[in-house]
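Per the numbering used here, the sequence shown runs over residues 6 to 102. Beta carbons are placed, not taken as given, at the ideal position from N, Cα and C, and that holds for glycine.
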Amino acid sequence: MTNPMSESADTPNSRLVTLDSLYLSIMNDRVLDIYRDTEHLANALDAVQTKDDASRGVIIAVKAALLSNSELAGIVSEMFYQYTLPADTEVAHHEPQ
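The structure is reproduced here in structure tokens:
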């Protein structure tokens with residue numbers, strides 16, 4: 006697997022996009038919303054009581070899928086955070102003291 010950051014030198018200019026760190030931060034907030042929502046939905050499934058084995062199997066499968074999506078959203082959020090952190094740090098460094 007290649008590192009996307011190392012590919013930027015080989016990427017044609019037509020494929021490069023400049024994004025504002027505020028926009029990335031807003032996108033990260035939406036991903037965090039998905040993270041929280043999927044985790045809450047997965048936890049809400051614990052309240053469903055059934056004695057039917059097939060229904061319990063479906064509930065377990067849906068809960069596992071929701072938790073998997075929540076984990077993926079957390080990973081994406083960390084990726085956004087890594088892109089916005091250097092810009093925020095750099096701005097703070099150049100502010101007058």
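In this structure, does DSSP put D93 in helix, strand or coil?
Residue confidence is low: D93 scores 48 on pLDDT, short of 50, so the model does not pin down where it sits. No coordinate-derived value is stated.
Within this structure, are the beta carbons of Y40 and S75 separated by less than 8 Å?
yes
Going by other Cβ atoms of all chains shown within 10 Å of its Cβ, with 16 needed for buried, is S60 buried or exposed?
exposed
Rounded to the nearest angstrom, what separates K56 and L71 at their Cα positions?
22 Å
Measure the alpha-carbon distance for S26 versus R35 and round it to whole angstroms.
Computed Cα separation, rounded: 14 Å.
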